[in-house]
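Take any residue in the sequence shown, count from 1 to its spot, add 1: that is its number in the numbering used here.
Where a beta carbon is used, it is the ideal one built from N, C-alpha and C, also for glycine.
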Amino acid sequence: MKKIIKLACAGTLTAAFIIVYFFIFEHQHLDLSLRCWKKAPTLWSCYRQDFDFTTDFFGLRYEGNMGNLLDQHIFYYGAYEKPILFFFRDLVESGSVDRRIFLDIGANVGQHSLFMSKFVKTVHAFEPYEPVLKKFRRLIEINGINNVIIHSFGLGNEDSKKPFYRPPDINLGIGSFVPGFSKENTPDSALEIHKGDDVLEYSGIGPVGLIKMDIEGYEKPALLGLQRTLRKDRPVIAFELTVNPQSPISIKNQEDLQSLFPPQYGFVFFSMGTDADTGAYSFSPGDQIRFDTRNRYDIVAFPLEKESPLFRNGSRN
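This is the structure in structure tokens:
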């Protein structure tokens, strides 16, 4: 009997030690594990990270799979890049940008488009990769959304078909037109690209108030293809900047970045003060971007005449 009691006490102490250790040193990991245990079908599902789930997405229905990184963020935090979503919402609700047209360039499964469909008149989403488009269309259908228009091609500075490098199933957001962008990507068939200005003008899309761009290293050609739109509409653009000194189409320095925008544009980037859980965001000045080493920044380019209200719900470091 004493032996059983000793074993029980030892087991209890061990369990308590493990819990205390994770609470102090691995608090985030413990928190995510608890969230998974509450929502997953089984504990084993949390270990394997490959189950389907359905969750609320700001009043919309979202169907995801834990085998994909973007869906994991939605499962754990309620959204992917929540600070950027909240920044967009705050821009529109404060009247800082025209709410008629939102462009989602590199829409992937459409998370940003779904969110912004609640705040703007029309969303135009551009995405050339069919496997993610299939899910995007499904999400629009099950939510009965009628103000999101999908364009099944990418935007660049020419009309052409370019080789696409297919992403792995675990991260469907890193497919790219840039060879060598990710060692996990594999060559796929050529996909369609069109010059942004021509598409918008031919389709009568405008005025454009806000643009999100996440196109895995292809930012420079896409921005070159939007020069007339940038001059005419002067939108705010939030885009993922991939700095890669070895890439022939990477933006190389501050002067190169500035040359892609009309006069009187400023730049900031989302800083370490952002919080994936709460959606809090803050900014650092654009002149702190480093172009001498491979890195990624979430940049906001904005007309200087919109600078004052732009940071109403965020702060610069």
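Less than 8 Å between the CB atoms is what I'm expecting for residue i and residue j, so what's the real figure, rounded?
i	j	result
Pro84	Tyr298	The pair is not a contact, with the Cβ atoms about 14 Å apart (cut-off 8 Å).
Pro132	Leu173	7 Å
Asp215	Glu241	5 Å
Phe103	Gly280	Not really, about 18 Å apart at Cβ, beyond 8 Å.
Phe270	Ile290	6 Å
Pro129	Phe154	5 Å
Gly68	Ile171	6 Å
Asn186	Pro168	6 Å
Which residue comes first and which comes last in the alpha helix (DSSP H) that contains residue i?
i	result
Pro144	Correcting the residue identity first, residue 144 is Asn in this sequence and not Pro. Element bounds for Asn144: Glu131 to Asn144.
Ile75	Leu70 to Tyr78
Asp257	Gln255 to Ser260
Ser204	Gly197 to Ser204
Does DSSP classify residue i as helix, strand or coil?
i	result
Phe116	helix
Arg101	coil
Pro222	helix
Thr230	helix
Lys307	helix
Val269	strand
Ile85	helix
Asp276	coil
Gly287	helix
Val179	coil
Val93	helix
His28	Note that His28 has pLDDT 47, beneath the 50 cutoff, so the model's placement of it is unreliable and the number below is only indicative. His28 falls in the helix class under three-state DSSP.
Tyr22	In this prediction, Tyr22 scores a pLDDT of 40, lower than 50, which makes its location untrustworthy; the coordinate-derived value is nonetheless stated afterwards. In the structure shown, Tyr22 sits in a helix (DSSP, three-state: H, G or I).
Ala16	Any reading at Ala16 needs caution, since the residue's pLDDT is 40, under 50, leaving its predicted position unreliable; the model's value is listed next. Note: Ala16 maps to helix in three-state DSSP.
Which residues bound the beta strand (DSSP E) around residue i?
i	result
Val124	Thr123 to Phe127
Pro236	No beta strand (DSSP E) holds Pro236; DSSP gives it neither H nor E.
Arg62	Leu61 to Asn66
Leu173	Element bounds for Leu173: n/a, residue is neither H nor E.
Lys184	Neither: Lys184 is in no beta strand (DSSP E) and is coded neither H nor E.
Ile212	Leu211 to Met214
Val149	Val149 to His152
In the DSSP output, what is residue i paired with across the bridge?
i	result
Asp160	Answer is none; Asp160 lacks a bridge partner.
Ile300	Phe240 and Phe270
Ala191	Pro164
Thr55	Glu64
Ile106	Phe127 and Met214
Gly155	Ile194
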